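In UniProt numbering, the protein residues as written are 1 to 619.
Have a look at the structure below, then the notes.
Encoded structure:
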């Protein structure tokens with residue numbers, strides 16, 4: 001049996017090394033490296049742009065040369081071609097605009113071979129691209145028809161001497177069916193697109209969320225926009241088809257409608273009654289833990305019938321706050337655990353209201369110093385938490401924590417509705433032979449689930465995985481922000497799954513030690529210290545075997561990680577391997593990591609034959 005397991009393990013390793021082999025030519029290796037990083041999404045976006053370009057050219061040829069439209073082309077000229085061709089482009093883009101936000105569909109497609117061709121991690125980016133394409137072609141379409149209306153008004157004024165061209169022009173803009181429906185649609189697009197920009201979205205998420213649902217109004221008026229048949233063909237039957245827009249969005253619209261229905265069904269799903277008369281349901285809060293740096297951990301009952309993968313995320317709705325607001329949160333619980341857990345930073349209006357509904361009136365800096373958050377009188381039942389992400393030996397606490405656990409007795413907590421889980425980049429960690437996990441700030445949350453799942457799998461008898469090595473690299477600005485993740489790291493260290501870098505290791509490269517272990521990590525603190533603080537750190541650090549900041553045996557590095565050195569060290573230690581680089585955090589750091597991977601691959605095309613694949617979390 002052990003021999004079969006070993007053969008199966010070797011088989012998995014061989015499969016992971018097939019993609020980039022030392023026998024491949026340098027050109028083929030370079031192409032595969034490009035395909036694994038930029039190639040996939042560039043090919044997809046390029047194909048989509050090419051489809052639109054071909055359709056646009058064919059439309060221009062059709063409306064300028066087809067005899068059915070000869071009279072219209074003669075009367076209106078180039079603006080007739082522009083308005084009709086841009087209308088076709090709007091139709092084509094609406095075919096795809098809803099598909100990228102059908103999360104259940106994309107989650108299912110991730111488990112197919114399409115995931116090797118299409119980058120589902122960029123679904124939201126593609127949705128934005130298609131959305132702005134609709135806005136662009138709508139403006140072109142409107143501008144073209146403005147000139148067409150002017151020509152119609154000018155022609156009509158020649159026979160109606162009692163009305164001026166200007167008066168007729170504005171009358172057409174107000175009274176004609178295509179005009180008033182078109183203006184309503186254009187206003188909807190502006191109210192959808194502008195609040196969706198990053199600047200306005202961060203400032204007021206609620207405004208973005210509610211205004212984005214104007215697409216229902218947009219689709220409704222678009223469905224009747226063409227039924228007025230303002231521009232008729234030269235030959236009968238003139239308007240036999242009427243409005244045709246509904247045919248373009250019918251398929252994607254039905255899929256989206258099913259997604260929304262499924263969300264409501266999931267959110268209100270009740271589990272079977274347990275323990276007598278107590279009712280258990282998905283989203284029922286079972287534990288609340290208040291961490292430093294305004295981070296709240298919420299544990300809730302999970303849907304045991306749904307298959308969960310490490311790193312996935314869910315949408316949460318709190319009816320007590322708003323029945324329509326759904327917000328994405330990464331699951332920090334492992335698939336092997338029997339509960340959902342999320343860590344959220346209180347920074348916006350919705351999270352602030354949620355914290356208040358959980359009994360926390362204020363999250364002040366005093367909590368970090370005095371361990372005393374501001375609580376309402378009815379729930380001042382807080383204690384040092386004995387909760388651990390992974391229990392230590394003998395169930396002893398790992399450290400003197402600042403986190404406080406809310407006792408739920410005699411207090412009614414709000415109900416949370418859960419939609420998901422949905423797939424994301426982190427769930428592909430186990431598809432690689434080597435994985436590098438980059439987390440920045442609260443962006444480390446997906447990797448909490450991944451590391452715990454690795455821990456459970458590693459301790460599962462008979463478990464086989466192609467994943468041979470994991471490098472966990474976390475950068476953080478404030479020392480207090482490490483605390484909520486500390487239990488997991490200490491537990492893994494205590495169980496001897498991790499062998500940390502020695503204090504003499506160079507901070508610019510991955511430690512050469514712990515080569516026989518599955519996971520090793522580095523923690524970087526980017527905060528600027530005063531001279532007194534530096535002195536205190538050096539004195540305390542020299543007095544024990546644990547790091548003074550994290551209480552771990554692994555040293556804390558001060559400053560930003562040296563990315564070229566890290567990738568070079570990994571490539572040297574794992575020649576010929578397929579290395580997945582996963583990142584969750586600020587965009588500027590993600591761009592820096594991706595750029596470093598490209599530069600390293602370009603400068604070292606044949607070194608070690610190591611293939612780095614970059615994947616970023618997108619919600």
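Think of the CB as a built atom: it goes at the ideal place given N, C-alpha and C, for glycine as much as any other residue.
Everything numeric in this text was worked out from a predicted model, so none of it was measured.
Beta strand (DSSP E) segment containing residue i, residue limits
i           : result
residue 613 : 611-616
According to DSSP, residues forming a beta bridge with residue i
i           : result
residue 472 : 437 and 521
residue 597 : Answer is none; residue 597 lacks a bridge partner.
residue 578 : 611
residue 556 : 523
residue 343 : 297
residue 285 : 300
residue 584 : 439
Secondary structure of residue i, DSSP reduced to three states
i           : result
residue 198 : helix
residue 317 : strand
residue 271 : Below a pLDDT of 50, predicted positions are generally treated as unreliable, and residue 271, at 43, falls in that range; no measurement from the model is reported.
residue 295 : strand
residue 431 : helix
residue 290 : strand
residue 51  : helix
residue 420 : strand
residue 188 : helix
residue 43  : helix
residue 323 : coil
residue 501 : Note on residue 501: pLDDT 42, under 50, position unreliable in the model; the coordinate value appears next. Residue 501: coil per DSSP, three-state reduction.
residue 119 : coil
residue 572 : helix
residue 65  : helix
residue 334 : coil
residue 93  : helix
residue 564 : helix
residue 414 : coil
residue 348 : coil
residue 112 : coil
Where the alpha helix (DSSP H) through residue i begins and ends
i           : result
residue 166 : 165-175
residue 145 : 123-157
residue 303 : No alpha helix (DSSP H) contains residue 303, which DSSP labels as neither H nor E.
residue 328 : Looking at the DSSP string, residue 328 is not in any alpha helix (DSSP H); the run it does join, the beta strand (DSSP E), is 327-330.
residue 455 : 445-458
residue 223 : 215-225
residue 74  : 70-76
residue 207 : 205-212
residue 312 : From DSSP, residue 312 is part of no alpha helix (DSSP H); its letter is neither H nor E.
residue 104 : 103-109
Same chain, Cβ closer than 6 Å to residue i, neighbours up to 5 away in sequence not counted
i           : result
residue 507 : Confidence at residue 507 is low in this model, with a pLDDT of 46, below 50, so the placement of that residue should be treated as unreliable; the coordinate-derived value is given next. Cβ neighbours of residue 507 beyond the five flanking positions: 557.
residue 589 : 440
residue 103 : 422
residue 264 : none
residue 614 : 37, 581, 594 and 597
Close beta carbons around residue i, own chain, < 7 Å, minus the five adjacent residues each side
i           : result
residue 163 : 157
residue 586 : 440
residue 346 : 294, 296, 352, 355 and 363
residue 173 : 149 and 179
residue 319 : 415 and 417
residue 140 : 82 and 86
Close beta carbons around residue i, own chain, < 8 Å, minus the five adjacent residues each side
i           : result
residue 600 : 564, 567, 568, 571 and 612
residue 192 : 131, 211, 212, 214, 215 and 218
residue 321 : 350, 353, 354, 357 and 414
residue 56  : 85, 88 and 89
Any chain D beta carbon closer than 9 Å to residue i
i           : result
residue 563 : Here there is only one protein chain, and chain D is not present.
Inter-stretch contact (C-beta, 8 Å, three-pair minimum) for the stretch 150-166 and the stretch 177-196: Too few Cβ pairs lie closer than 8 Å, so no.
Inter-stretch contact (C-beta, 8 Å, three-pair minimum) for the stretch 122-139 and the stretch 286-300: With the cut-off at 8 Å, the stretch 122-139 and the stretch 286-300 do not touch.
Stretch pair the stretch 56-76 + the stretch 185-203: three plus CB contacts closer than 8 Å: Too few Cβ pairs lie closer than 8 Å, so no.
Stretch pair the stretch 327-343 + the stretch 446-458: three plus CB contacts closer than 8 Å: Three or more Cβ pairs closer than 8 Å define a contact, and the stretch 327-343 meets that threshold against the stretch 446-458.
Three-pair Cβ contact test at 8 Å for the stretch 58-70 versus the stretch 84-91: They touch, by the three-pair rule.
Cβ contact (3+ pairs, closer than 8 Å) linking the stretch 94-113 and the stretch 164-177: Contact between the stretch 94-113 and the stretch 164-177 is absent: fewer than three C-beta pairs spanning the two stretches fall below 8 Å.
Cβ contact (3+ pairs, closer than 8 Å) linking the stretch 429-445 and the stretch 301-308: Between the stretch 429-445 and the stretch 301-308 there are fewer than three inter-stretch CB-CB distances shorter than 8 Å, so the stretches are not counted as touching.
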